[in-house]
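To keep things clear, I will list the structure first and then write my remarks on it.
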DNA sequence: ATAAATAATGCTCCCAATGAGCATAAGGAG
DNA sequence: CTCCTTATGCTCATTGGGAGCATTATTTAT
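Residue numbers (our numbering), protein chains in the order written: chain A, -1 to 312; chain B, -1 to 312.
So this is what it looks like as structure tokens:
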């Protein structure tokens, strides 16, 4: 058909993006096709860099500038040959942060809270009931279905990644948790591939096509880990904000609540923000001072590191 | 010439590896061509995974198993078209840890201490004199050669990455430091490209071809960051070792000295090791107990995290 | 032998970071 | 005027980690 019979060591590059924004205290992700896909596009070789390639089609598709871009992972999917049936596809995924939402029409590029895909990851109002009620029991059943040594192994992994449903929750382990559920056949994506373990019905949470939910998990995990030592949330905030808004933003990303006074102490200890002089009383309660990020410090912390009151399990 | 006129969106994949081992308290890296290159090979599409591709040619080339493999970064070099002059090359680099050294003959695959490439990164015996004597002065000169605003910017970056030559050294910033030197035209690799800044002669440290020294810097940085929260040094140690040997290993990687008593406290607090019962008096001084890693805990920490007395600057 | 150097170990002290809460101030809604 | 909600200031207790003293056990030098 095509004039080029695709030499063996030649592949096509596909770029995937996890684009994150914050709206109404929800961490939003840009999706396509009714939420089933992450935006992705080919790497056109005229781009000098991979990053510039990403930026190009993302901005073309969303009409919004990307604040921060970071490479996530490169993956050669053995089960997804290119459409021409010849070349292998290597997908390179990126995490992108953007400040504003797509002003788009009703359809296609659509922002969705990432907790629709990973409802068990939201512990902002305390331990997610999903874990104790729905996930742990099914995982336990799965663990039972193995012989002694494998069972012990599975049980330990469950404990390490999901804790006990009330304590020992480590919000960074997004990817490990998804992979465990996948392996246990508790997400629809897994069942598609393995006709065998038709047993358990899936855990709540919207699936995606291909490995896109896995990529999303990777992005969330990376972002959650990152905010603990780099002030990247800066990229997601409007130019002015109150400290509570900032706290809610971090909580949205981390998926767990934080102590208000300690959060404030940490933030201004590090000199990350400065008051603009303005005051707002949009919310109820006592009016709050408005702040902005301090450019110099943010640049400095970009290399030196930040701290957030997020670390210990519980 | 070739029957396939290479369609535009087609690229060739090249795999690069930073292979690390520890010998005689030196962090060793496998190199080729008299130390000028990192091992690299093509990604043959018959491999199901990228990782398996890496493992395959690494083990073929070195005849040693890879303990731990981790993806580093994917990079499309705009300046290095494939040899056929048509396809773009995308290189995917990996970090690999191995316990044993190549038993190889005198030549080619050769292990070299990574401090030959980055001598300023070795602070194990205190502040590296190179930084204060050789690097900081030249960087200062470089900063002077810019107008006011850019100068301030450069000075801040110098301070952030190199500190002041005595304190505020952050061992993780290997890549940032290399990139700064590159930008300042203080490494030979940079001069090759820019004929202009022929000024300063380069800083000590052996260069590599292409961007391989940059990839190496990425690997070192990743490893240094990693040992602080994952017990990966486990992959580099022999089955039995003394606590001092373990400490020296970590110091070799981190490039800075550690407090002996505190190191021990931390290690056994976390239950990472257990005594084998053996005792050694290979070195001078009081004989030391031998330890081995505790498999269960190591697996557990692989997900949950570890601690090392490495964090603060100074 | 004896002294000196090198390592292994045990323990104490101190300080900075941080998790938790109490208390007070300042607006808006009924 | 009272209650509710949020902003802010401060205190307290705990802990993790940095430093260093002291002691013990061996090898090496004199």
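C-beta: ideal position from N, C-alpha, C; glycine also.
Which one or two residues does DSSP pair with residue i in a beta bridge?
i: residue 11/B; result: 88/B
i: residue 277/B; result: 287/B
i: residue 300/A; result: For residue 300/A, which the question treats as bridged, DSSP gives no partner whatsoever.
i: residue 132/B; result: Note: residue 132/B sits in no beta bridge, so no partner.
i: residue 24/B; result: 21/B
i: residue 66/B; result: 95/B
Just mark residue i as buried or exposed, buried being the case when its beta carbon has 16 or more other beta carbons within 10 Å.
i: residue 23/B; result: exposed
i: residue 12/B; result: buried
i: residue 64/B; result: buried
i: residue 272/A; result: exposed
i: residue 168/A; result: buried
i: residue 252/A; result: buried
i: residue 37/A; result: buried
i: residue 29/B; result: buried
i: residue 216/A; result: buried
i: residue 312/A; result: Below a pLDDT of 50, predicted positions are generally treated as unreliable, and residue 312/A, at 47, falls in that range; the measurement from the model is reported next regardless. Answer is exposed; the Cβ neighbour count stays below 16.
i: residue 210/A; result: buried
i: residue 265/B; result: buried
i: residue 269/B; result: exposed
i: residue 287/A; result: exposed
i: residue 171/B; result: buried
i: residue 276/B; result: exposed
i: residue 89/A; result: buried
Leaving out five residues before and five after residue i in sequence, what residues of the same chain have Cβ atoms less than 8 Å from its Cβ?
i: residue 220/B; result: 68, 70, 93
i: residue 235/A; result: 20, 97, 243, 244, 247, 291
i: residue 141/A; result: 149, 152, 153, 156
i: residue 258/B; result: 242, 245
i: residue 300/A; result: 228, 229
i: residue 164/B; result: 125, 130
i: residue 254/B; result: 121, 122, 167, 169, 308
Is residue i near the ligand ADP, in the sense that its beta carbon is under 7 Å from a heavy atom of that ligand?
i: residue 29/B; result: This structure does not include the ligand ADP; it has no bound ligands of any sort.
When you compare the CB of residue i with every CB in chain B, is at least one pair closer than 8 Å?
i: residue -1/A; result: Caution applies to residue -1/A, whose pLDDT of 40 falls short of 50 and renders its modelled position unreliable; the value that the coordinates give is listed next. Chain B, which has no Cβ nearer than 8 Å to the Cβ of residue -1/A, makes this no.
i: residue 293/A; result: no
i: residue 302/A; result: yes
i: residue 153/A; result: no
i: residue 90/A; result: yes
i: residue 312/A; result: Low confidence applies to residue 312/A: its pLDDT is 47, below 50, so where it sits in the model is not reliable, and the reading given next is rough at best. So, not an interface residue.
i: residue 159/A; result: yes
Under 8 Å by Cβ, that's how I've got residue i and residue j pegged, so tell me the actual separation to the nearest angstrom.
i: residue 18/B; j: residue 25/B; result: 6 Å
i: residue 27/A; j: residue 109/A; result: 7 Å
i: residue 66/B; j: residue 95/B; result: 4 Å
i: residue 213/B; j: residue 91/B; result: 5 Å
i: residue 175/A; j: residue 159/A; result: 5 Å
i: residue 239/A; j: residue 307/A; result: Incorrect: roughly 18 Å between the Cβ atoms, too far for contact.
i: residue 74/A; j: residue 48/B; result: 5 Å
i: residue 205/A; j: residue 181/A; result: Actually they do not touch by this definition, with Cβ atoms about 15 Å apart.
In chain order, what residues of the same chain have a beta carbon less than 6 Å from the beta carbon of residue i, not counting five sequence neighbours either side?
i: residue 113/B; result: 120
i: residue 232/A; result: 291, 296
i: residue 294/B; result: none
Taking Cβ positions only, does residue i come closer than 8 Å to chain A?
i: residue 298/B; result: yes
i: residue 176/B; result: no
i: residue 10/B; result: yes
i: residue 74/B; result: yes
i: residue 65/B; result: no
i: residue 171/B; result: yes
i: residue 58/B; result: no
i: residue 48/B; result: yes
i: residue 69/B; result: yes
i: residue 85/B; result: yes
For residue i, which residues in the same chain have their Cβ closer than 7 Å to its Cβ, ignoring the five residues on either side in sequence?
i: residue 111/B; result: 24, 25, 26
i: residue 128/B; result: 117, 118, 202
i: residue 179/B; result: 185, 201
i: residue 278/B; result: 240, 285, 286, 288
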